[in-house]
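Reviewing the structure listed below.
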Amino acid sequence: MEYFVNVVLPIPLKRHFTYSITPAEASFLLPGMRVSVPFGKSKIYTALVLEVHNTPPVVYEAKEIDQILDDVPLVNPVQLKHWEWIANYYMCTMGEMMRSALPSAFLLESETLILRNDEANVDESQLQDDEFLVFEALQHQSSLKVHEVSIIVDRKNVLPVLNRLLEKNIIYLKEEVYEQYKPKLVKYVKLGKEYLSDEALESLLETLSRAPKQSQVVLALFQLQSGSKKPISVSDLEKYSKASKAVISSLVEKGILEEYFIRKDRVTYDGAENSEIKTLNEHQLNALADIKKAFKEDKVTLLKGVTSSGKTEVYVQLISDFLEKGKQILYLLPEIALTTQLISRLQDYFGERISVFHSKYNIQERVEVWNNVLKGAEKAQIVIGARSSLFLPFDNLGLIIVDEEHEGSFKQFDPAPRYHARDAAIVLANLHGANILLGSATPSIESYFNAKHGKYGYAEINRRFGNVLMPDMELVDYKEALRKKRVKGHFSERLLQEIEESLGNGEQIILFQNRRGFAPVLECLTCGHTPQCSNCDVTLTYHQYKNQLRCHYCGFHTALPESCAACGSPELDTKGFGTEQVEEEVKKLFPAAKVGRMDLDTTRGKHAYEKIITSFEQQELDILVGTQMLTKGLDFRNVSLVGVMNADSLLNFPDYRAHERTFQMLTQVAGRAGRTQKRGKVIIQSYNPYHQILKQVTTGDYETMFQEQIYEREQYKYPPVNRIIKITFKHKNYNTLNEASEWFSGALRTNFGGTVLGPEFPPISRIRNQYLKHVLVKIGKNESLGRTKKNIKRIEKSFNSVSKFRSVRVIYNVDHI
Ligand code: ADP
Ligand code: ZN
Ligand code: ZN
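Counting from 1, one number per residue, gives the positions in the sequence shown under UniProt numbering.
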């Protein structure tokens, strides 16, 4: 009998591939193990086994596998099912899914690897387009192979771009023939065997009496060891004895001390686990009871609790319940970088049982967490992670918590799989028979809709913990203030008064402006010309700090011109304003206040977020100016005032979710105010203070917001009432793009009954010299999403057989666009 395996390769080809194996291999191999296989002319790939069987492939002769790489499966059957669901639902391949899910260290190949140089200080704006693409890809994964680079830059010969990046010291190369992962070893010391008896030690100390430094080290080691069996690391000994490395090594040479190594997991927690779980108040207990009731009915459950109502403490209670049952727990967060606060809060309760998993972690750290989850290790019983932690090899998952479930960053836009982590988490929980809790102060319209219709369980907390009042919100009519000349810079007098008062009380202030840079538009007062990016279809943002015009889409930048490029007039003015300008104005208006800024420009370094958050926490700053980064789950104790500089830009965003998002963002940023006893104050400046969304924010009226939004979505056939798929076409040639998107949408219209809109250029129709066009497919309540996807895929096949369209990129986004 002949034996074969079906495997997935980490490449974006649709099918799986069949290889031949020996009977011995067939009896050993299990789905989820890795094998290396030859592919194409000379490549070797790591592949994942899906199935062992006896049916030879029909159209080609199966090659033999190269090697078996695992003794036990690295990926379990539930994961494979989950990945298949994602690939199918979000219209990508299993290969793309696998590449995204497995830490790259598991994808061993005998090919050159390109790694990012973490030491490099990269100025993105100095990079050419192709260099940037590679650099950007390396932000998402820590290594790339040559063939991937060639996909990314869309050309075969990639050596020139790699050479340039090497010269700039941004990447380095590695021939990877072995598994990359090396556990970190920590050096420990103990007393040599001969000195273990009391007499021996005594005589040793006597001999050392002439070498005070050495005897100091021995004594220190003795003291450190007394009362604990913990190993003593060399660095601890150094610190404690205040002796130099040299003294310690001379003792090692003499055999008085012995060195040894212990493998250390990289992601560790140094603090002590000390806090008792808090006793919940009556509102929290009611919510908990509702959640548990819904869990009993196996329902996805939504917890809607106002900011600072103590949702996190409810999660803690649930986590502790599931820990007791010996279950694994996954705590999903939208952005890990912003949540150091939360991690340390949970570590206080659960200490060593927490692992943190994030795609920004290096290969080693990710492999460690993966292996710990695979082994069911105690230290990975609770995993806190961003969306990629959904792909870990859980096999005993009991609970998933999706915190801040409304956050847009749960959706992955690039690269494929373009999935929504909340929705994929629901499917994962289902596959495991686990419970899942979605939590937010401002739930997404979809989740609340599902709760209302009884599809989800529901619990709520409508009061802040400790009877702290919700902040007092005030709308300021900015147009009116301008007319009455009651403004300074971009500050109304009302806001200035409040800032002054808070500063006077020694309290802190957050100023929110969802735009970075100094001003988004530079305009000639004579002819009206505004400088545009040469690669993208956007105006350049003025950054005063660097005295540059910069593109926020491609990093292009140029020195601030002294005169208009069109007419030569020197009279240039700025329009609109960003965080830089707010910072500058507030510094001038309150010269004694210490002001910090948190936006993409100030948080580039690895620990930059933490630094800003910590210095604000420590009250080294009085005022923090920032973008939406400020809105996410931060718990500052001394903030009494939040100022929203301009609410209008949020409302005017061209997206059917703009109103929902504005409500969420403003409510969340307002929620940073007055989290302790004193009532917080929020001032929202707007040209249009009578806008219904702003009213709903100030009165905390989620319900009316929801009703109005649902009505609109029904009217215009948007989710959650209908389903949507957005198809994006991307090409550097304008005409090709137009032709291709017309062809595709034409085929859709003839083949498919639902609503097909477009093709249309998006508001920014060219990015990095690639033109973009969108087609929107709306699928009504009574139409099948699955069938529609099949149709679209079929059309794509014939589309790809038209030779001039082959280079057009077709990108799908399902549900979340
Ligand atoms: P949310 O997650 O809803 O924004 P938090 O869980 O951060 O709210 O709670 C707000 C504050 O109240 C935190 O400082 C938290 O420690 C405190 N808190 C919440 N519940 C309790 C409780 N049951 N006992 C003591 N303090 C609590
Ligand atoms: Zn001009
Ligand atoms: Zn640009």
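Yeah, the Cβ is synthetic: ideal placement off N, Cα and C, and Gly gets one too.
Quiz item: Straight-line CA distance for Thr-614 to Gln-347?
Solution: The straight-line gap from Cα to Cα measures roughly 17 Å.
Self-check item: Own chain partners of Glu-84 with C-beta closer than 7 Å, once the 5 adjacent residues on each side are dropped
Solution: Around Glu-84: Met-94.
Self-check item: Three-state class that DSSP yields for Thr-55 in the structure shown
Solution: Assignment of Thr-55 by DSSP, reduced to helix, strand and coil, places it in the coil class.
Self-check item: For Gly-439 and Val-644, the rounded distance between their alpha carbons
Solution: Straight across, the Cα-Cα distance linking Val-644 with Gly-439 is about 25 Å.
Quiz prompt | Which residues DSSP lists as bridging Ala-47, in chain order | solution = Its beta-bridge partners are Val-35.
Quiz item: Pick from His-552, Ala-673, Pro-561 and Ile-461: whose alpha carbon is nearest that of Ser-502?
Solution: Scanning His-552, Ala-673, Pro-561 and Ile-461 for the CA closest to the CA of Ser-502 turns up Ala-673.
Quiz item: Among Ser-320, Asn-117 and Val-810, which has the Cα closest to the Cα of Leu-162?
Solution: It is Asn-117.
Quiz item: DSSP three-state call for Lys-793: helix, strand or coil?
Solution: Helix, per DSSP.
Self-check item: Contact set, ligand 1 heavy atom to C-beta under 6 Å
Solution: Those residues placing their Cβ nearer than 6 Å to any heavy atom of ligand 1 are, following chain order, Lys-278, Thr-279, Leu-280, Asn-281, Gln-284, Gly-305, Thr-307, Ser-308, Ser-309, Gly-310, Lys-311, Thr-312, Glu-313, Phe-465 and Asp-635.
Exercise. Report the residue from Leu-80, Pro-531, His-490 and Ile-384 whose alpha carbon sits nearest the alpha carbon of Ser-563.
Key: The residue with the shortest Cα to Cα distance from Ser-563 is Pro-531.
Quiz item: Which full runs of the alpha helix (DSSP H) of 4+ residues lie inside the region 443–514, going along the chain?
Solution: Segments of the alpha helix (DSSP H) lying fully in the region 443–514: 445–452, 478–483 and 493–504.
Exercise. Mind reading off the beta-carbon distance from residue 822 to Phe-4? Whole number of angstroms is fine, and I expect it under 8 Å.
Key: The requested residue 822 does not occur in the structure, where the chain is confined to residues 1 to 817.
Practice problem: Report all residues from its chain with a CB closer than 6 Å to the CB of Leu-374; omit the five preceding and five following residues, and keep chain order. | Solution: Result list for Leu-374: Pro-393, in chain order.
Quiz item: Is there at least one non-hydrogen atom of ligand 5 closer than 7 Å to the beta-carbon of Ser-142?
Solution: Ligand 5 is not part of the structure shown, which contains ligand 1, ligand 2 and ligand 3 as its ligands.
Exercise. With a threshold of 7 Å, establish whether the CB of Cys-92 neighbours any heavy atom of ligand 2.
Key: Not one heavy atom of ligand 2 sits closer than 7 Å to the Cβ of Cys-92.
Quiz prompt | Ala-425 and Ile-461 closer than 8 Å at C-beta | solution = No, the Cβ-Cβ distance between Ala-425 and Ile-461 is not below 8 Å.
Exercise. Note the first and the last residue of the continuous beta strand (DSSP E) segment covering Glu-523.
Key: First-last of the beta strand (DSSP E) with Glu-523: 521–524.
Practice problem: Go ahead and label Ser-355 buried or exposed: buried means 16 or more other beta carbons lie within 10 angstroms of its beta carbon, across all protein chains shown. | Solution: By the neighbour-count rule (16 or more Cβ atoms within 10 Å), Ser-355 is buried.
Self-check item: DSSP three-state assignment for Ala-559, whether helix, strand or coil
Solution: Of the three classes helix, strand and coil, the one that applies to Ala-559 here is strand, per DSSP.
Quiz item: Does at least one heavy atom of ligand 2 sit under 7 Å from the Cβ of Cys-554?
Solution: For Cys-554, the Cβ stays outside the 7 Å cut-off from all heavy atoms of ligand 2.
Self-check item: Span separating the alpha-carbon of Leu-13 from that of Glu-148
Solution: In this model, Leu-13 and Glu-148 are separated by some 13 Å (Cα to Cα).
Quiz item: With respect to the beta strand (DSSP E) encompassing Val-316, which residues constitute its N-terminal and C-terminal limits?
Solution: Counting along the chain, Val-316 falls outside any beta strand (DSSP E), though it belongs to the alpha helix (DSSP H) covering 311–324.
Quiz prompt | Residues of its chain near Glu-493, where Cβ-Cβ distance is below 6 Å and the 5 sequence neighbours each way are ignored | solution = The residues are Arg-486.
Exercise. Give, in chain order, every unbroken run of the alpha helix (DSSP H) that is at least 4 residues long and sits entirely within the region 359–426.
Key: Here the runs fully enclosed are 363–375.
Quiz item: If you scan the UniProt domain "Helicase C-terminal" (559–712) from start to end, which runs of the alpha helix (DSSP H) of 4 or more residues do you find wholly inside it?
Solution: With a minimum length of 4 residues, the continuous alpha helix (DSSP H) runs that stay inside the UniProt domain "Helicase C-terminal" (559–712) are 579–589, 608–617, 648–651, 658–670 and 692–698.
Self-check item: Exposed unless 16 or more other CB atoms sit within 10 angstroms - verdict on Met-473
Solution: Buried, since its Cβ has 16 or more Cβ neighbours within 10 Å.
Quiz item: So which of Leu-302, Ala-294, Tyr-349 and Pro-334 has the shortest CA-CA distance to Ile-319?
Solution: Checked all of Leu-302, Ala-294, Tyr-349 and Pro-334; the closest Cα to Ile-319 is Tyr-349.
Practice problem: Could you pull the start and end residues of the beta strand (DSSP E) that His-774 belongs to? | Solution: Bounds of the beta strand (DSSP E) holding His-774 are 770–779.
Practice problem: Indicate whether Leu-332 and Gly-385 have their beta-carbon atoms separated by less than 8 Å. | Solution: Taking 8 Å as the Cβ cut-off, Leu-332 and Gly-385 qualify as a contacting pair.
Exercise. Go through its chain and collect everything with a Cβ distance to His-552's Cβ below 8 Å, but skip five positions before and after it.
Key: Closer than 8 Å at Cβ, skipping near neighbours: Arg-516, Gly-517, Val-538 and Thr-541.
Quiz item: Mind checking if Leu-333 is an interface residue toward chain D, Cβ cutoff 8 Å exclusive?
Solution: Among the chains of the structure shown, chain D does not appear; only one protein chain is present.
Practice problem: Could you please give me the residues that DSSP links to Leu-144 through a beta bridge? | Solution: The partner list for Leu-144 (beta bridge, DSSP) reads Ile-114.
Quiz prompt | Nonlocal neighbours in the same chain, by C-beta distance under 6 Å from Arg-713, ignoring five residues either side | solution = Non-local C-beta neighbours of Arg-713 in its own chain, meaning closer than 6 Å and more than five positions away in sequence, comprise Val-721, ordered along the chain.
Quiz item: Closest by CA to Tyr-188, which one among Phe-261, Ala-481 and Lys-278?
Solution: Taking Tyr-188 as reference, the option from Phe-261, Ala-481 and Lys-278 with the minimal CA-CA separation is Phe-261.
Practice problem: Evaluate Cys-527 with the Cβ neighbour count: other Cβ atoms within 10 Å of its Cβ, from every protein chain shown; 16 or more gives buried, anything less gives exposed. | Solution: Looking at its Cβ environment, which holds fewer than 16 other Cβ atoms inside 10 Å, Cys-527 is exposed.
Quiz item: Going straight from the alpha carbon of Pro-334 to that of Arg-422, what length do you get?
Solution: Near 10 Å, if we compare the C-alpha coordinates of Arg-422 and Pro-334.
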